[in-house]
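Just below is one structure, and these are the notes that go with it.
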Amino acid sequence: MSFSSEAANRAASHDVAPPAVSVSFTVNGIDHALILDPRSTLLDVLREHLDLHGTKKGCDQGQCGACTVLIDGLRVVSCLTLAVMTDGKKVTTIEGLAKDGKLHPLQQAFIDHDAFQCGYCTPGQICSAAGLIAEGKATTPDEIRELMSGNICRCGAYTNIVAAIQQAMGHT
Amino acid sequence: MIAFHYSRADNIADAVNQVVATSGAKFVAGGTNLVDLMKMDVEKPVKLIDVTRLPLGKVEEIAGGGLRIGALVRNSDLAYHPAVERRYPMLSSALRAGASQQLRNMATVGGNLLQRTRCAYFYDLTTACNKREPGSGCSAIGGLNRMNAILGTSDACIAVHPSDMCVALSVLEAKVRVTGPRGEREIAFADFHRLPGDTPQHETNLNHGELITAIELPARGFASNYTYLKIRDRLSYAFALVSVAVGLELEGGNIREARFALGGVAHKPWRNAEAEAALRGKAAGEAVFAQAADIVLREAKGFGGNSFKIDLGRRALVRALSQAARGTPQSQSNKKIA
Numbered sequence: 001m002s003f004s005s006e007a008a009n010r011a012a013s014h015d016v017a018p019p020a021v022s023v024s025f026t027v028n029g030i031d032h033a034l035i036l037d038p039r040s041t042l043l044d045v046l047r048e049h050l051d052l053h054g055t056k057k058g059c060d061q062g063q064c065g066a067c068t069v070l071i072d073g074l075r076v077v078s079c080l081t082l083a084v085m086t087d088g089k090k091v092t093t094i095e096g097l098a099k100d101g102k103l104h105p106l107q108q109a110f111i112d113h114d115a116f117q118c119g120y121c122t123p124g125q126i127c128s129a130a131g132l133i134a135e136g137k138a139t140t141p142d143e144i145r146e147l148m149s150g151n152i153c154r155c156g157a158y159t160n161i162v163a164a165i166q167q168a169m170g171h172t
Numbered sequence: 173m174i175a176f177h178y179s180r181a182d183n184i185a186d187a188v189n190q191v192v193a194t195s196g197a198k199f200v201a202g203g204t205n206l207v208d209l210m211k212m213d214v215e216k217p218v219k220l221i222d223v224t225r226l227p228l229g230k231v232e233e234i235a236g237g238g239l240r241i242g243a244l245v246r247n248s249d250l251a252y253h254p255a256v257e258r259r260y261p262m263l264s265s266a267l268r269a270g271a272s273q274q275l276r277n278m279a280t281v282g283g284n285l286l287q288r289t290r291c292a293y294f295y296d297l298t299t300a301c302n303k304r305e306p307g308s309g310c311s312a313i314g315g316l317n318r319m320n321a322i323l324g325t326s327d328a329c330i331a332v333h334p335s336d337m338c339v340a341l342s343v344l345e346a347k348v349r350v351t352g353p354r355g356e357r358e359i360a361f362a363d364f365h366r367l368p369g370d371t372p373q374h375e376t377n378l379n380h381g382e383l384i385t386a387i388e389l390p391a392r393g394f395a396s397n398y399t400y401l402k403i404r405d406r407l408s409y410a411f412a413l414v415s416v417a418v419g420l421e422l423e424g425g426n427i428r429e430a431r432f433a434l435g436g437v438a439h440k441p442w443r444n445a446e447a448e449a450a451l452r453g454k455a456a457g458e459a460v461f462a463q464a465a466d467i468v469l470r471e472a473k474g475f476g477g478n479s480f481k482i483d484l485g486r487r488a489l490v491r492a493l494s495q496a497a498r499g500t501p502q503s504q505s506n507k508k509i510a
């Protein structure tokens, strides 16, 4: 061997996966018990482990809001959330908003107001808007725009998104 | 992201001991900055100690009329806390000006203090950066430096501290409570963050293993005459080019106490005792505000791309002092600058 066994061990240990961690949490009312690499983000776990593809990966850096979900009712970006830190928590994704075969009022409002074009940011926009309505801090269009600024829509459907949220505020 | 060990801390002593035991270990709470930097391989902790279960989530009254804010209080909860809105509206306003509601729901008060710079070269592993790799050089000097510092810079680093909340805490003269392997101590806000000097890799005066447990606000809140004015490239969800927090106490039209700090211009919130003293005892008005602003900016140094910040800083400071003196603080939803 051209290098010492100590160096080989060091090289090998650098490549091994870190110790996996047990995590239990609820997604859209369903309990899950998973064993995860600590590096896994909640976004990747939702999409790759639980096959919930509604939550979208946009920038993966917390800048676009496409991956917005609700944890214990609060809107967060799932791309900067380590899944191992959600142990014991309740996660709601876009797939969990419709109830009894009926669209959530925000989903219906986005359709009514044509509040999207390509649709990629829409699950994040709707989860974020659900959080916004629950917070109860926005009433005027200015306040809605400000408190929705974490969700980027590159198609530029903002005017209709604000109108859709205003409609849903009257219904929830 | 490199492989790391993860564990949850049961109590404060356990958290401190776990970090002290491992030189490359770090605390994690909101994770909004740390996880992002880990994805970029800028931060490479070998172990993360999850402190989110520690009992540090309360806002409490303290003797003397102040407020103690637990380190784990969310930025969003603090922004809308009734006592903060009523007694420290400058802090509430600064919190609302920072990040997005999703990030404010995740980010903690303690973590906000420990944000690292957003200098593009700090994030770019292909470039030299003394903060990321001491001794490698500063790519921002002579590079793209539009967002960089104009005050308190060094030949080694011209990065800025990105926080809005800290600009308000600087004016309020908060205290930072920390617990470490040698027990508890209190750090005055002005002494918490460092200027870059020749060790830009050290942004704070925290020692390894010290955990922020609380921020304490003195009673003086400047609730009548204050503002937080943030100038940025878009109306919301962008880092400051220049921001200004102001707190005034007026008696008739005269200034009894004046405090102000600039954000987006230095490695820490920037205060200037001489400029503040120049306002005390004077009648509030644009001419004296301009004199104070000149004192602050006369030592500023531009690096080409960011030289516009010298004039912008002067004008933003005069405008912010006027807003505070008139009692018409900047709204964080209607972005027309009052």
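Top line first, the protein sequences correspond to chains R and P.
For the first sequence, my numbering begins at 1 and goes up steadily by one.
For the second sequence, my numbering begins at 173 and goes up steadily by one.
For glycine and all other residues, C-beta sits at the position ideal for the given N, C-alpha and C.
According to the neighbour-count rule (16 or more other Cβ atoms, all chains shown, within 10 Å of its Cβ), is residue i buried or exposed?
i, result
"GLY73/R", "exposed"
"PRO127/R", "Note that residue 127/R is Cys in the sequence shown, not Pro. The residue in question, CYS127/R, is buried, as its Cβ has 16 or more Cβ neighbours within 10 Å."
"GLY170/R", "exposed"
"CYS291/P", "buried"
"ILE22/R", "The identity of residue 22/R in the sequence shown is Ser, whereas the question assumes Ile. Result: exposed."
"ILE111/R", "exposed"
"PRO368/P", "buried"
"HIS455/P", "Residue 455/P is actually Ala in this sequence, not His. The residue in question, ALA455/P, is exposed, as its Cβ has fewer than 16 Cβ neighbours within 10 Å."
"SER248/P", "buried"
"HIS32/R", "exposed"
"ASP182/P", "exposed"
"ASN377/P", "exposed"
"ALA417/P", "buried"
"HIS113/R", "buried"
"ARG357/P", "exposed"
"CYS155/R", "exposed"
"THR500/P", "exposed"
"HIS374/P", "exposed"
"LEU43/R", "buried"
"ARG406/P", "exposed"
"LYS508/P", "exposed"
Given residue i, which residues of its chain have a CB within under 7 Å of its CB, disregarding the five upstream and five downstream residues?
i, result
"SER264/P", "ALA251, VAL256, GLU257"
"LYS89/R", "PHE25, ILE71, ASP72"
"ALA511/P", "This structure does not reach residue 511/P, given that chain P is present from 173 up to 510, and the question cannot be answered."
"PHE3/R", "Residue placement at PHE3/R is flagged as unreliable, the pLDDT there being 38, under the threshold of 50; the coordinate-derived value follows with that caveat. Same-chain partners within the cutoff: there are none."
"ARG75/R", "THR68, CYS127, SER128, GLY131"
"PRO38/R", "PRO18, VAL21, LEU82, VAL84"
"THR224/P", "ALA201, LEU244"
"SER308/P", "ALA300, CYS301, ASN302"
For a test of the three-state rule: what should DSSP assign to residue i, helix, strand or coil?
i, result
"VAL192/P", "helix"
"GLY62/R", "coil"
"ALA386/P", "strand"
"THR86/R", "helix"
"ALA331/P", "coil"
"PHE199/P", "strand"
"PHE116/R", "coil"
"HIS32/R", "strand"
"ALA175/P", "coil"
"GLU358/P", "strand"
"GLY283/P", "helix"
"ILE126/R", "helix"
"PHE294/P", "helix"
"GLU232/P", "strand"
"THR159/R", "helix"
"ARG276/P", "helix"
"GLY476/P", "coil"
Going by beta carbon distance, what residues of the same chain come within less than 6 Å of residue i, once the five residues before and after it are set aside?
i, result
"ASP370/P", "ALA328"
"LEU489/P", "VAL416, ALA465"
"THR122/R", "PHE116"
"SER272/P", "TYR409"
"ASP186/P", "none"
Near residue i, which residues of its chain fall below 8 Å by C-beta distance, leaving aside the five closest residues on each side in sequence?
i, result
"GLN174/R", "An answer regarding residue 174/R cannot be provided, because it is not within the stretch 1 to 172 covered by chain R."
"SER13/R", "Low per-residue confidence applies at SER13/R: pLDDT is 48, beneath 50, and the placement is therefore not dependable, though the value from the model is reported in the following sentence. Here the set comprises nothing."
"LEU147/R", "LEU132, GLU135, LYS137, ALA138"
Is there at least one Cβ from chain A nearer than 8 Å to residue i's Cβ?
i, result
"GLY150/R", "In summary, chain A is missing from the structure at hand, where the protein chains are R and P."
Subject >> Proximal residues, the stretch 53-79 of chain R versus chain P, C-beta separation under 8 Å >> reply: ASP60, GLN61, GLY62, GLY65, THR68, LEU74, ARG75, VAL76, VAL77
Original post:
Given a limit of 8 Å on CB to CB distance, which residues of the stretch 213-226 of chain P reach chain R?
Top reply: LEU220, ASP222, THR224
Subject >> Within 8 Å of chain P by C-beta, residues of the stretch 106-136 of chain R in sequence order >> reply: SER128, GLY131, LEU132, GLU135
**OP:** Could you please tell me which residues of the stretch 259-287 of chain P, in chain order, have their CB closer than 7 Å to any CB of chain R?
**Re:** SER272, GLN273, GLN274, LEU275, ASN277, MET278
Original post:
Which of the residues in the stretch 82-97 of chain R, read from start to end, lie with their CB under 7 Å from any CB of chain P?
Top reply: LEU82, VAL84, MET85
**OP:** Could you tell me which uninterrupted alpha helix (DSSP H) segments, each at least 4 residues in length, are contained entirely in the stretch 402-466 of chain P, listed from first to last along the chain?
**Re:** 445-449
**OP:** Return the residues of the stretch 493-507 of chain P that lie within a Cβ-Cβ distance of less than 9 Å from chain R, sorted by chain order.
**Re:** SER503, GLN504, SER505, ASN506, LYS507
Original post:
Listed in chain order, which residues of the stretch 405-432 of chain P have Cβ atoms closer than 7 Å to some Cβ of chain R?
Top reply: SER408, TYR409
**OP:** Taking a Cβ distance cut-off of 7 Å, strictly less, list which residues of the stretch 18-47 of chain R are near chain P, in chain order.
**Re:** PRO18, PRO19, VAL21, PRO38, ARG39
Original post:
Name the residues in the stretch 456-490 of chain P whose C-beta lies less than 7 Å from a C-beta of chain R; which are they?
Top reply: none
**OP:** Check distances from the C-beta atoms of the stretch 176-189 of chain P to those of chain R and list, in chain order, the residues that come in under 7 Å.
**Re:** PHE176, HIS177, TYR178
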